[in-house]
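In this note's numbering, the protein residues as written are 43 to 375. Built from N, CA and C at the ideal position, the CB exists for glycine as well. Remember, it's a predicted structure, so these values are computed and weren't measured experimentally. Read through the structure below, which is laid out as structure tokens, and then see the notes.
Written out as structure tokens, the structure reads:
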């Protein structure tokens, strides 16, 4: 789920500021997702890559590199790498979640099949590693390889924890750090590394990306119970139907009485969902005020992201990144 399309948002200002670099990234993506022998690869990958996503993660790489004074060519490779990793994980996610919709359009696995989605995702992962190697930086390779492993680890942890009522906020945070924040923090960190920035700036870029990613995912989980499907591209209650134990529900389970706990056990753990259950779930979240408590957590992570920026050079990009942290949370009222 992305950011909405209203004009003059921080990600749009960032996109405008980085327009030349973003055009180069898009050109590189198109070139590298081509396949001489398997035309289905560009067909399937283009369906998702061209689907109107905001390219937020590659933009973060470009922004970090520019903010740290980089003037070489390899931030383009790294931004394309980040987008390929992101797209590959989305393709695999849609298969795992049996999703039918992504960014308001049918998923690749629905239009083609699961086999195509898995294999094309694998191809994009392989392409991403080729791009990393071309930068000649072993440290960049290390950061992005670690992020790729962490993403997979987070997804596997979610498989077991998402339907277990014993899942705590700490475990939820581990999952989010894996499946979402790992790529945000790697995206910002490699921008600093390729620019040969001082270590304190590289550390600050990691902290910014990590906190922004956590805030972003918490807000996505909130929007699942109270967003506008026109903006989010998801149906309300998808997480509930997929039996994902997200933060608003974890907070509600922690405060549940015996009857409420039995409801969560039936719908989330056992998957026995009936008409009216989503409405009842939403009423329990309202009763325990867990939507607002979750929003406060997202705000706190956004503040952590903004604080990290103080270690970075003063620039228009830094101001836009600060606004972006506010905007991520402003998506939910």
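Pairwise C-alpha distance: residue 357 and residue 113: Against the chain shown, residue 113 aligns to sequence position 71. Against the chain shown, residue 357 aligns to sequence position 315. Each residue's alpha carbon lies about 16 Å from the other.
In or out: residue 181 buried (at least 16 other Cβ within 10 Å) or exposed? One-based indexing of the chain shown puts residue 181 at position 139. When all chains shown are included, residue 181 counts as exposed.
In angstroms with no decimal places, state the Cα-to-Cα distance between residue 240 and residue 109. In the chain shown, counting from the first residue as 1, residue 240 sits at position 198. In the chain shown, counting from the first residue as 1, residue 109 sits at position 67. Taking the straight line joining both Cα atoms gives about 12 Å.
Drop a sphere of 10 angstroms on the beta-carbon of residue 49, count the other beta-carbons inside from all chains shown, and report buried for 16 or more, exposed for fewer. Taking the first residue of the chain shown as position 1, residue 49 is located at position 7. Note that residue 49 scores 46 on pLDDT, short of 50, meaning its location in the model is unreliable; the coordinates nonetheless yield the value given after this. When all chains shown are included, residue 49 counts as exposed.
In the DSSP assignment, what are the bridge partners of residue 283? Taking the first residue of the chain shown as 1, we reach residue 283 at position 241. Answer is none; residue 283 lacks a bridge partner.
Contacting residues, own chain, Cβ-Cβ under 6 Å from residue 189 (five flanking each side not counted): Start at 1 with the first residue of the chain shown, and residue 189 comes out as number 147. The residues are 224, 225, 228.
Assuming residue 56 and residue 105 are in contact, meaning their beta carbons sit under 8 Å apart, how far apart are those beta carbons, in whole angstroms? As a first step, residue 56 is located in the chain shown; it is residue number 14 there, counting from the start. As a first step, residue 105 is located in the chain shown; it is residue number 63 there, counting from the start. Their Cβ separation, rounded to whole angstroms, is 6 Å, which keeps residue 56 and residue 105 in contact under 8 Å.
In three-state terms, what does DSSP make of residue 48? Residue 48 sits at position 6 when you count from the first residue of the chain shown. Confidence is the limiting factor: at residue 48 the pLDDT is only 46, short of 50, which leaves the residue's position unreliable and the question unanswerable from this model.
Could you tell me the distance, in whole angstroms, from the CA atom of residue 174 to the CA atom of residue 125? The count along the chain shown starts at 1 and reaches residue 174 at position 132. The count along the chain shown starts at 1 and reaches residue 125 at position 83. The alpha-carbon atoms of residue 174 and residue 125 are separated by roughly 12 Å.
Per DSSP, what kind of secondary structure is residue 55 in: helix, strand or coil? As a first step, residue 55 is located in the chain shown; it is residue number 13 there, counting from the start. Of the three classes helix, strand and coil, the one that applies to residue 55 here is helix, per DSSP.
Could you say if the stretch 195-211 and the stretch 273-293 meet the contact criterion of at least three C-beta pairs nearer than 8 Å? yes
With residue 116 and residue 236 assumed to form a contact (beta carbons below 8 Å), what rounded beta-carbon distance in angstroms separates them? The residue labelled residue 116 in the question sits at position 74 within the chain shown. The residue labelled residue 236 in the question sits at position 194 within the chain shown. Indeed, because the Cβ distance is near 5 Å, the residues count as touching under 8 Å.
Under the three-state DSSP convention, the category residue 88 falls into: The sequence position of residue 88 within the chain shown is 46, counting from 1. Residue state, collapsed to three classes: helix.
Whole angstroms are fine: how far does the CA of residue 207 sit from the CA of residue 306? Along the chain shown, read from residue 1 onward, the residue named residue 306 stands at position 264. Along the chain shown, read from residue 1 onward, the residue named residue 207 stands at position 165. The alpha-carbon atoms of residue 306 and residue 207 are separated by roughly 8 Å.
Write down the C-beta distance between residue 122 and residue 64 rounded to the nearest angstrom, noting that I regard them as a contact closer than 8 Å. On the chain shown, residue 122 is found 80 positions in, with the first residue counted as 1. On the chain shown, residue 64 is found 22 positions in, with the first residue counted as 1. With 8 Å as the limit, residue 122 and residue 64 do not qualify as a contact, their Cβ atoms being about 11 Å apart.
DSSP on residue 147, reduced to helix/strand/coil? As a working mapping, residue 147 is identified with position 105 in the chain shown. Strand at residue 147.
Is the number of C-beta pairs between the stretch 326-337 and the stretch 352-367 that are closer than 8 Å three or more? Contact between the stretch 326-337 and the stretch 352-367 is not established, with fewer than three Cβ pairs separated by less than 8 Å.
Beta carbon of residue 287, beta carbon of residue 367: below 7 Å? On the chain shown, residue 287 is found 245 positions in, with the first residue counted as 1. On the chain shown, residue 367 is found 325 positions in, with the first residue counted as 1. Taking 7 Å as the Cβ cut-off, residue 287 and residue 367 do not qualify as a contacting pair.
With 16 as the cutoff for other CB atoms within 10 Å, does residue 119 come out buried or exposed? In the chain shown, residue 119 corresponds to position 77, counting from 1. Buried.
Do residue 340 and residue 218 have their C-beta atoms within less than 7 Å of each other? Counted from its first residue, the chain shown places residue 340 at position 298. Counted from its first residue, the chain shown places residue 218 at position 176. Their beta carbons are not under 7 Å apart, which means residue 340 does not touch residue 218 by this criterion.
Classify residue 361: buried if its beta carbon has 16 or more other beta carbons within 10 angstroms, exposed otherwise. As a first step, residue 361 must be located in the chain shown, where it is residue number 319. Under this definition residue 361 is an exposed residue.
Going by alpha carbons, who is nearest to residue 310 out of 201, 177, 166, 88? If you number the chain shown from 1, residue 310 lands on position 268. Among 201, 177, 166, 88, the Cα nearest to that of residue 310 is on 201.
Alpha helix (DSSP H) segment containing residue 267, residue limits: As a position in the chain shown, residue 267 is number 225, starting the count at 1. Going by DSSP, residue 267 is part of the alpha helix (DSSP H) stretching over 241-268.
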